[in-house]
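Below is one structure; the comments refer to it alone.
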Amino acid sequence: MAAPSSLLQRTARAPAAPFRGAPAARGAARAGRAAPPRAAAGAAFSVDKPTLIDVPVSNHGARVRHIIYAKGLEGEIDIASPAALGGLGSAEYQAANPQGKMPVLLLPGGGVLPESEVIAQYLIDRWAGTGPAMTAATPELRAVAALAARLHDQYITPIQACMYRKQEPVERAALLAALVKQLDVLEGLCVGPNYIAGDAITAGDSALFPTFVFCTYILPRYFGWPDVFAGRPKLAAWWAALQRDPHAKRVMDEVAGGLEGWSAKGRWEELGITQQLREHPELKWVYP
607 MAAPSSLLQR TARAPAAPFR GAPAARGAAR AGRAAPPRAA AGAAFSVDKP
657 TLIDVPVSNH GARVRHIIYA KGLEGEIDIA SPAALGGLGS AEYQAANPQG
707 KMPVLLLPGG GVLPESEVIA QYLIDRWAGT GPAMTAATPE LRAVAALAAR
757 LHDQYITPIQ ACMYRKQEPV ERAALLAALV KQLDVLEGLC VGPNYIAGDA
807 ITAGDSALFP TFVFCTYILP RYFGWPDVFA GRPKLAAWWA ALQRDPHAKR
857 VMDEVAGGLE GWSAKGRWEE LGITQQLREH PELKWVYP
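Reading the sequence shown from the start, the letters are residues 607 to 894 in the working numbering.
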């Protein structure tokens, strides 16, 4: 892969931009995952080790962080804020990923990998002999794990903003109903008893559970749902198992910390979501 023309240069002297996770994770961030310095415009890209560009609240980056933590790769991979590349709108970041999305994995030698599932599978392949495999035991179960990630990325990612962005009320209600449908699809897919594809945790779980942090944080607090897992016993058991996993729980806390930051700033009130739900009782907001 050819090196981008303007990205990141460790010899630059601009301030670093460390990754900031939930409070419990910030010490580790300071200790081992400081960002490389930002490059000046036109500077060549260079990192000493793979560097994930991400923020704690990103549910897509969270799947990659989970694999990093679970496989014990923190000594192999740095994690940095997009500020290390001047922010998502900067020329440096656009050179790394023209889509302007997170996460992005910067590789030694100038390579760049965007897209969370691509990064996740690269890490699983590149460090196949390190830590848990993060793959299921049989071709059939591996297909279930891959389908879980695919369903998430294809059908949930495009509609998840109905929980937290400004939208017209009818559109929000329709997307919320579509989200409910996808939760039921995942309930039908889940093999269990502990994980989405059986007894072993896989990248399928890594893809799903950060988005469920959004669901379990936002839908009860702001939409009035009594229980995201009502009528979904397999997903309820899956969620309980992931909360017992220390690496998954660490990522959950990182994502929840970001959502708490949104809440503290009054995001749902500022965007008129709270008022919208109150003023449109004719639309269905609460499930089941």
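Note that the Cβ used here is the ideal one computed from N, Cα and C, for glycine as well.
Partner residues in the beta bridge of proline 720, as assigned by DSSP, are Val710. Counting the other Cβ atoms within 10 Å of the Cβ of glycine 872 gives fewer than 16, which makes it exposed.
Within its own chain, the residues whose Cβ lies closer than 6 Å to the Cβ of leucine 747, once the five positions on either side in sequence are excluded, are Ala803 and Gly804, listed in chain order.
In the assembly as shown, glutamine 760 is an exposed residue. Its beta-carbon has fewer than 16 other beta-carbons within 10 Å. Counting every other CB atom within 10 Å of its CB across the protein chains shown gives glycine 837 a total below 16, marking it as exposed. A buried status is given to lysine 677, since no fewer than 16 other beta-carbon atoms sit within 10 Å of its beta-carbon.
For leucine 713, the CB contacts under 6 Å within the same chain, skipping 5 residues up- and downstream, are Pro656 in chain order. The three-state secondary structure of isoleucine 659, taken from DSSP, is strand. With respect to the 8 Å criterion, valine 857 and arginine 732 are not classified as neighbours on the basis of their beta carbons. By the Cβ-count criterion, glutamate 875 is exposed, with fewer than 16 other Cβ atoms from all chains shown falling within 10 Å of its own Cβ. Beta-bridge partners assigned by DSSP to tyrosine 770: none are found. Contact fails between the stretch 764-779 and the stretch 698-713, because fewer than three Cβ pairs, one in each stretch, are under 8 Å apart. Spanning the alpha carbons of isoleucine 683 and lysine 890 requires a straight line of approximately 44 Å.
With a threshold of 16 other beta carbon atoms within 10 Å, valine 653 meets it and is buried. Rounded to whole angstroms, proline 852 and alanine 739 show a C-alpha spacing of 17 Å.
DSSP lists Gly804 as the beta-bridge partner residues of tyrosine 801. Under the DSSP definition of a beta bridge, isoleucine 685 partners with Leu658.
Note that the C-beta distance between cysteine 796 and lysine 840 is below 8 Å. Taking the CA atoms as reference points, isoleucine 765 sits about 18 Å from glutamate 793. Assigned with DSSP and collapsed to three states, threonine 741 falls in coil, not helix or strand. The stretch 779-789 makes no contact with the stretch 714-721; the number of CB pairs closer than 8 Å stays below 3. In the three-state reduction of the DSSP assignment, glutamate 680 falls in the coil class. In the displayed model, arginine 838 falls within coil according to three-state DSSP, outside both helix and strand. Boundaries of the alpha helix (DSSP H) around aspartate 859: 852-870.
By the C-beta density criterion, proline 662 is buried, having at least 16 other C-beta atoms within 10 angstroms.
Here alanine 742 really is in contact with alanine 806; their C-beta atoms are around 6 Å apart, less than 8 Å.
Sixteen is the threshold: when 16 or more other Cβ atoms of the shown chains lie within 10 Å of the Cβ of alanine 690, as they do, the residue is buried.
Non-local beta-carbon contacts of leucine 679 in its own chain, meaning distances under 8 Å to residues more than five positions away in sequence, involve Ile673, Leu729, Trp733, Thr736 and Gly737 in chain order. Secondary structure of serine 664 (DSSP, three-state): coil. Leaving aside the five residues that flank asparagine 800 on each side, the residues in its chain whose CB is nearer than 6 Å to its CB run, in chain order, Ala847. For threonine 817, the enclosing alpha helix (DSSP H) starts and ends at 809-824.
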